[in-house]
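The C-terminal residue of the sequence shown carries number 1077 in this note's numbering, and the numbering is unbroken.
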Amino acid sequence: MNALMSPATLQAGIEELASGDCFVDPFDLMAEAIELLSPPEAISTVECAEKYRKLPGPEDGAVIPYDRWFTPYNIGPMNALDDEACNLLVMVKPSRSGGTAIMENYVFKRIKFGPMTHIAWVLNSDEAVTSYCRNVVKPMFELNTDLQARVGTGRGDDTDAFKRVRGYPVEWLSAKDSTFRNRQPGVMVWDESDGAAKRWAASPRVQIEGRQKLLGNRKKGAILSHADLGWKAGVAAEFEDTSRGIFVMQCVHCLGHAAAYATKFWSGVPQFEMAWQDVPDAPTDERLDMAEQTAALYCPHCNEPISDEDRRKMVDAAVTGGGNAVDGWMHRGQSLDPEAGVIGEPEPNAARGFWVHGTMLKTESLAKLARAWQAALIHYERTRDPKKLKEFMSKQLGEIFEGAATLSGLNAEKIVQRGRDDASGYDRGVVPDEVKFITASVDTGGRKFDVLFKGYDLEGRSWVIDRMTIRQRRHADGTMRDLHLSKVLDDWFVLVDEVIERRFPLASDPNMVLPVAVTCIDAGDGNVTWLAREFARRCMTAGHAWGKWSKVRLIKGASGKRPAVPDAPRAVTKDDEGRKVDPVVYEYTLGADALKDQAYERLAIEDDGPGACYFYRGFEKRYADEYFGEAKVDGKWVRSGPNEQLDLDGYCEAGRQILKPDRADIKWHEGKLPPWAKPIPLMPKGGDPSTEAGAAPTKAVKPKRSTADRLVNLNQRNR
């Protein structure tokens, strides 16, 4: 029978068994099963990556371990992921900053030590998925065989873009409809979200939370990207509603603390600045070489240059230095003292935000960064095309291009600094000696008036005299009530005393006051247009005019290429029902883009030259921020936040141009001033002319507030 072995075959089998070659070493069996016999290792993401993860080296098939000190600023984000209270990580980052490795390390730990769950990794295109899986995912599993051992062996369990690990899918997907349907991943990563199609990139957090809303606190999400979409959408917009973490370093020279990059959300926080020498008239190659050779990071406290070597030490020290900073990061609820460092404890927040700046990268030299920056600036100077500069700002520097503000180095802090209390400053509500006349502007909201008063000389220099917001008016019964500008015409008349007929004392002679020459009121909101026209008409009828020239001018802003102020206004001869009215009201359609361009150009003047702008002592940061609530990108002004101050500034300038102070019939040098530029006495001289000598004293009457008292009240009102 075939089933029976011959004596020789049987003898050979017995000898083979006796040799022991067919038996497995029991210690090898125990080693393979030790993980199943032991509880999961309690280990952090950082420790797991350093201890176990192997990475492909730069050449010759080398294999290297993960090293936290290549990107020490990423230790904080990885530790945040280990915190059960953190459900979402949002990181704004430049290229090659190691941000993606944060989530790779976290996924690595979850696969190796658990707890395992459905993991979805989203990239911006199919091509990006293919490239990432080939260059990152495949080596991660090939070089770390213990990870590969956890992958299923069934059909379809182990493909380039899909792994089934311990029964759970781990998948790499492109951003499209099918990705955001019929999935409920416990861990969802969106890598380079700003590079996806705009319908998805605009709100990545909404897409992630929509997939995870049934998971409660077990979920983990992450959004990591360059800020290519600016402040209004994408990763930067999501960063606003997080802990807003910024990295804080200590200067090696003065030991003062400052942020690597404070972002617009941390008002008053000083930051290190990179700078280099430049000669604008020099040849391009010479300018690039100069930038490379002279680049340094400068401390905001001692203004000493910081070398690359010292900068790298500062990055490491920020993580290891202790104190209240969390692995070098300051979050909402904390504050920065230049000497003591980070103060306070972070507020609880399930969404942790981290903003990485190009000057934090240890792998990048300041010389290389400065040369690339200078090249982008030179390209913009010659072509006026901001594309290259925008790409540099977001991908290499980790900042957002904000048009003229970026190019000029303007920011709200510098505006506020101009209003610091010093010998050359001036008080709010007081007219500096250089001012020849004052214009006012009014921006109408649904329930408020935003108002700005500016004084001008004859060379376009301007002084902010006052800035306020009017939200209420006093009614006949003495009660202050909220304004309702689209419904109640009487609410508009609060502007008469508060703005149109307002007078400001001169700094050189408080007994003399300067009137408001013209008030420009924005009537562009369709909800208030007809009430604004009726108000302007009644002001003219009531005599609020310089002779026959009305003090009130209605304006509407329009985008596109058009002059700042048209040669002639448009006459409005009919009311909202088509009936002819008298007097006629005139409206100006302003070139809003041109006015904003000019405002930024003049704000950038720092040498007291023609067009320079000045601000009263204590000028409020919230108003300074409004200059930067809109940025010109690709030739268009894009709003990203409150921008009333920028609009009001343009309207005041429109008022200046409407007055035409440069026309030949005004003899400024001869002292023959127009009535709107002529100071007048605060009080009449010589007493009451109706009182005759020897006449019986009249009955005492209840004293009324003087004009001086009213001026003081207006200028000191808490706004």
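Note that CB positions come from ideal geometry on N, CA and C, so glycine has one too.
Could you tell me the distance, in whole angstroms, from the CA atom of residue i to the CA atom of residue j?
i, j, result
"Q506", "R522", "10 Å"
"Q542", "G434", "27 Å"
"G699", "E771", "20 Å"
"A728", "L582", "25 Å"
"E792", "S866", "10 Å"
"E393", "V564", "Since pLDDT at E393 reaches only 49, below the 50 mark, its modelled position is unreliable, and no value is offered."
"T931", "A894", "13 Å"
"D1046", "V874", "Here the model assigns D1046 a pLDDT of 46, short of 50, so the residue's position is not dependable, and the following value carries that caveat. Rounded to the nearest angstrom, the two C-alpha atoms are 27 Å apart."
"A366", "A420", "51 Å"
"W624", "R690", "9 Å"
"V448", "D933", "53 Å"
"I858", "I460", "59 Å"
"G1013", "A730", "42 Å"
"V910", "G901", "11 Å"
"E405", "G680", "19 Å"
"P1037", "P868", "11 Å"
"S377", "E462", "47 Å"
"P704", "K622", "19 Å"
"E596", "P863", "47 Å"
"H615", "L724", "20 Å"
Helix, strand or coil for residue i per DSSP?
i, result
"L1041", "Note on residue identity: the sequence assigns Met, not Leu, to residue 1041. Here M1041 sits in coil by DSSP."
"Q369", "helix"
"M363", "coil"
"I401", "coil"
"K526", "In the sequence as displayed, the identity of residue 526 is Tyr instead of Lys. Correct three-state label for Y526: strand."
"F759", "coil"
"P1047", "At P1047 the pLDDT is 43, less than 50, meaning the model places this residue with poor confidence; the figure from the coordinates comes in the next sentence. Three-state DSSP puts P1047 in coil, outside helix and strand."
"N1076", "Reliability fails at N1076, whose pLDDT of 44 lies under 50, so the model's placement of it is uncertain and the value that follows must be treated cautiously. If DSSP states are grouped into helix, strand and coil, N1076 belongs with coil."
"G568", "helix"
"L375", "helix"
"R513", "coil"
"K578", "strand"
"K1036", "coil"
"P1021", "Strictly speaking, residue 1021 in this sequence is Arg, with Pro absent from that position. Here R1021 sits in coil by DSSP."
"A725", "helix"
"E792", "coil"
"E988", "strand"
"Y784", "coil"
"P1055", "Below a pLDDT of 50, predicted positions are generally treated as unreliable, and P1055, at 43, falls in that range; the measurement from the model is reported next regardless. In this structure, P1055 counts as coil in the three-state DSSP scheme."
"P863", "strand"
"T537", "helix"
"R710", "strand"
"R670", "helix"
"R557", "helix"
Looking at residue i: is its Cβ nearer than 8 Å to the Cβ of residue j?
i, j, result
"G813", "I823", "yes"
"R839", "R831", "yes"
"N327", "R411", "Any question about residue 327 goes unanswered here, given that the chain covers just 359 to 1077."
"L889", "L853", "no"
"A957", "K914", "no"
"N437", "G456", "no"
"Y784", "Y974", "yes"
"S532", "V593", "no"
"R997", "E984", "no"
"A683", "V606", "yes"
"L755", "P1019", "no"
Using a C-beta cutoff of 8 Å, does residue i count as contacting chain C?
i, result
"V593", "Among the chains of the structure shown, chain C does not appear; only one protein chain is present."
Just to confirm, does residue i get its C-beta within under 7 Å of one of the non-hydrogen atoms of the ligand GDP?
i, result
"P416", "Absent from the structure shown: the ligand GDP. Ligands present: none."
Kindly confirm or deny that the segment 507-521 and the segment 410-428 touch, where touching means at least three C-beta pairs closer than 8 Å. Output reads no: the segment 410-428 does not touch the segment 507-521.
Under 8 Å, with one C-beta from each stretch per pair, do the segment 914-934 and the segment 960-979 reach the 3-pair mark? Contact check between the segment 914-934 and the segment 960-979: fewer than three CB pairs, one atom from each, fall below 8 Å, which does not count as touching.
Taking the runs of the alpha helix (DSSP H) that are 4 residues or longer, which of them lie wholly in the segment 950-978? Every alpha helix (DSSP H) of 4 residues or more that sits fully in the segment 950-978 is shown, in chain order, as 950-961.
Cβ contact check for the segment 633-643 and the segment 696-712: 3 or more pairs under 8 Å: Short answer: they don't touch.
Output the residue ranges of the alpha helix (DSSP H) runs that lie fully inside the segment 873-946 and measure 4 residues or longer, sorted by chain position. Taking only runs of at least 4 residues, the alpha helix (DSSP H) segments lying wholly in the segment 873-946 are 887-899.
Count the CB pairs spanning the segment 796-804 and the segment 1000-1011 that are closer than 8 Å, and state whether there are at least three. Cβ pair count under 8 Å is three or more, so yes.
Return the chain-ordered ranges of every alpha helix (DSSP H) run that is complete within the segment 401-426 and spans a minimum of 4 residues. The qualifying runs are 403-410.
Taking contact to mean 3 or more Cβ pairs, one atom from each stretch, closer than 8 Å, check whether the segment 651-666 and the segment 593-601 are in contact. These segments do not touch.
At 4 residues or longer, what runs of the alpha helix (DSSP H) sit wholly inside the segment 590-666? Complete alpha helix (DSSP H) runs here, min 4: 592-598 and 642-652.
Does the segment 478-496 come into contact with the segment 538-557, if we say contact requires no fewer than three beta-carbon pairs (one atom in each stretch) closer than 8 Å? The segment 478-496 makes contact with the segment 538-557: 3 or more CB pairs, one atom from each, lie closer than 8 Å.
With three or more C-beta pairs closer than 8 Å as the rule, is the segment 662-671 touching the segment 736-753? Flag = no, the segment 736-753 and the segment 662-671 do not touch.
Counting Cβ pairs, one atom from each stretch, are 3 or more of them under 8 Å apart for the segment 578-596 and the segment 743-757? Short answer: they touch.
What are the uninterrupted segments assigned as beta strand (DSSP E) that are 3 or more residues long and contained completely in the segment 427-502, given in chain order? Complete beta strand (DSSP E) runs here, min 3: 446-450 and 477-481.
Is it a yes or a no for the segment 471-478 touching the segment 524-536, going by three-plus beta-carbon pairs under 8 Å? Yes: at least three Cβ pairs fall under 8 Å.
Is the segment 715-733 close to the segment 616-633, with three or more CB pairs under 8 Å? Yes, the segment 715-733 touches the segment 616-633.
Please confirm if the segment 976-990 is in contact with the segment 1022-1031, defined as three or more CB-CB distances below 8 Å between the two stretches. Judged by Cβ distances under 8 Å, the segment 976-990 makes no contact with the segment 1022-1031, as fewer than three pairs qualify.
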